[in-house]
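S.K.:
There are 2 protein chains.
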Amino acid sequence: MARKRAELVAALTEEMPWYISAAVRYQIAVADQLGMAVTDIHAVGALLEIGPAGVRRLADLMGLTTGAATRLVDRLEQAGFVRREPDPNDRRRVVVRLVPDRVADIARYYEPIGERWQQQVAGYSDRQLEFLLDFLRQGREDASSETVALRTTGLRHATRRRP
Amino acid sequence: MARKRAELVAALTEEMPWYISAAVRYQIAVADQLGMAVTDIHAVGALLEIGPAGVRRLADLMGLTTGAATRLVDRLEQAGFVRREPDPNDRRRVVVRLVPDRVADIARYYEPIGERWQQQVAGYSDRQLEFLLDFLRQGREDASSETVALRTTGLRHATRRRP
DNA sequence: AAGAAGTAGCTGCTTCAAGCAGCGAAATGG
DNA sequence: CCATTTCGCTGCTTGAAGCAGCTACTTCTT
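And the structure:
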């Protein structure tokens, strides 16, 4: 029935922000335990994804200025999570490279939630897993493109029929 | 086959943090557009959930000290999102109440992503919606309880067989 | 080949959110 | 009624981030 469906959609819509919120708060708790800033953990995650990178690349990825990124790398280097290496091909550049052992120290904090996660999906069928993956991917793409739209054009869309 | 399933789970595990990240970055973009801090938007969300509340209650909810919460309310009041009201029953207390019109100004920034969201779930069956809702709820509960565990007992669990 | 322009990263300064500690006012409990 | 607790506010400090300007180096132009 349409009634029940509307309620389902409403429940989902309501659930989403809280889901995100819970995930964010977990990250904050991890950062607090490690005595580091959330941004710094994100940066380690980014470096894990893209491998060794220059400061500017990291800055763009994190949405920071190069100045802020320099300080970020300072903190990470100070705490032993990364090393600065010279780029033999371009002597202006500094290559930021992760220190695997230290990264493992961070990863340990995600093990408890990872186990829960594994248990949760263990009972799902392959079809359900595919559905979920699809849902998440599309949601992420929507969020990313809307983020760009918001930053570039501001709030132009919606509820506008005619110019 | 087990092979494909393992890949699915791996893909999902990999997708999750990026999904969260995209959502967070959208929130940051909204906050930037509004010229306010992300925390302040969270606080408005919290007040929407629980209704008018005292400063301490808000502080606990946001994981802030009362001092920080006072400044938070200062900012929100300054920007017109809330009003401070005296509590007739307890003259020490201050009741923080949202100003609906101003809250609507924030909500407008979530309309574009909301529309995308509606389009996405429009094609889903009721069964799929239920599955999704269940997935999100359990995930949120896991994250919440693990957050508490992390903050109270630190990293005690896992990979530990004997005392 | 040489000078102009662009790029990479670093540094000083400022801003602002948050923590901490201590305060006065008001409620509560023995 | 006095002691204790609770509530919110304020001064001070810390720390992340932005901005602007700088040096060192590379790339483009002619």
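Here the protein sequences line up with chains U and C, keeping their order. Take 0 as the starting number for the first sequence in numbering that gives the first Met the number 0 and just add one per residue. Take 0 as the starting number for the second sequence in numbering that gives the first Met the number 0 and just add one per residue. Note that CB positions come from ideal geometry on N, CA and C, so glycine has one too. Predicted, not measured: the structure shown is a model, and the values here were computed from it.
Tell me which same chain residues have a C-beta within less than 8 Å of the C-beta of Ala36 of chain U, skipping the five on either side of it?
M.R.: Closer than 8 Å at the Cβ level, and outside the excluded window around Ala36 of chain U, lie Ala30, Arg74.
S.K.: Based on the DSSP secondary-structure assignment, which residues constitute the bridge partners of Ala52 of chain C?
M.R.: Per DSSP, C:Val95.
S.K.: Verify the CB distance criterion: does Pro99 of chain U have a CB-CB separation below 7 Å to chain C?
M.R.: Not closer than 7 Å to any Cβ of chain C, the Cβ of Pro99 of chain U fails to qualify, so no.
S.K.: Can you list the residues of chain C that Leu11 of chain U reaches, using a CB-CB cut of under 7 Å?
M.R.: In chain order: Val120, Leu128, Leu131, Leu132.
S.K.: For Asp104 of chain U and chain C, any beta-carbon pair shorter than 7 Å?
M.R.: Not an interface residue.
S.K.: Can you pull the chain C neighbours of Val8 of chain U, defined as C-beta to C-beta under 8 Å?
M.R.: What Val8 of chain U touches in chain C: Gln117, Val120, Leu128.
S.K.: Check the Cβ-Cβ distances between Thr64 of chain U and every residue of chain C, and say whether any is below 7 Å.
M.R.: Thr64 of chain U does not count as touching chain C.
S.K.: Do Thr65 of chain U and Arg56 of chain U count as a contact pair if the criterion is CB distance below 7 Å?
M.R.: Their beta carbons are not under 7 Å apart, which means Arg56 of chain U does not touch Thr65 of chain U by this criterion.
S.K.: Tell me Arg150 of chain C's beta-bridge partners as DSSP assigns them.
M.R.: In the DSSP output, where bridge partners are listed per residue, Arg150 of chain C has none listed.
S.K.: Put Pro16 of chain C into one of helix, strand or coil per three-state DSSP.
M.R.: Pro16 of chain C falls in the helix class under three-state DSSP.
S.K.: Based on the DSSP output, what are the partners of Arg83 of chain C in its beta bridges?
M.R.: According to DSSP, which records beta bridges pairwise, Arg83 of chain C is partnered with C:Val95.
S.K.: Using the DSSP secondary-structure output, state which residues sit across from Asp39 of chain U in a beta bridge.
M.R.: Answer is none; Asp39 of chain U lacks a bridge partner.
S.K.: For a contact meaning CB atoms closer than 8 Å, what does Val29 of chain C contact in chain U?
M.R.: Under the 8 Å cutoff, chain U gives Leu149.
S.K.: Under 7 Å Cβ-Cβ, which residues of chain U neighbour Asp60 of chain C?
M.R.: The question names Asp, but residue 60 of chain C in the sequence shown is Leu. In chain order: nothing, as chain U lies at least about 11 Å away.
S.K.: Mapping DSSP to helix, strand and coil, what is Arg90 of chain C?
M.R.: Residue state, collapsed to three classes: strand.
S.K.: Hey, how far is the Cα of Ala157 of chain U from the Cα of Thr151 of chain U?
M.R.: Bear in mind that a pLDDT of 46 at Ala157 of chain U, under 50, signals an unreliable position, so the model cannot answer this.
S.K.: Determine the DSSP secondary structure at Gly44 of chain U, reduced to helix, strand or coil.
M.R.: Helix.
S.K.: If we define contact as Cβ-Cβ less than 7 Å, is Ile49 of chain U a contact residue for chain C?
M.R.: Not an interface residue.
S.K.: Using the Cα positions of Pro16 of chain C and Arg70 of chain C, report the straight-line distance between them to the nearest angstrom.
M.R.: The alpha-carbon atoms of Pro16 of chain C and Arg70 of chain C are separated by roughly 31 Å.
S.K.: Below 8 Å, can you find three or more Cβ-Cβ pairs linking the stretch 107 to 116 of chain C to the stretch 78 to 96 of chain U?
M.R.: Judged by Cβ distances under 8 Å, the stretch 107 to 116 of chain C makes no contact with the stretch 78 to 96 of chain U, as fewer than three pairs qualify.
S.K.: I'd like to check one pair, Gln26 of chain U with Gln137 of chain C: are the Cβ atoms closer than 7 Å?
M.R.: Taking 7 Å as the Cβ cut-off, Gln137 of chain C and Gln26 of chain U do not qualify as a contacting pair.
S.K.: Classify Leu149 of chain U as buried or exposed, calling it buried when 16 or more other Cβ atoms lie within 10 Å of its own Cβ.
M.R.: With 16 or more Cβ atoms within 10 Å of its Cβ, Leu149 of chain U is classed as buried.
S.K.: Within 10 angstroms of its Cβ, does Arg2 of chain C collect 16 or more other Cβ (buried), or is it exposed?
M.R.: With fewer than 16 Cβ atoms within 10 Å of its Cβ, Arg2 of chain C is classed as exposed.
S.K.: So what's Tyr25 of chain U in DSSP terms, helix, strand or just coil?
M.R.: Helix, per DSSP.
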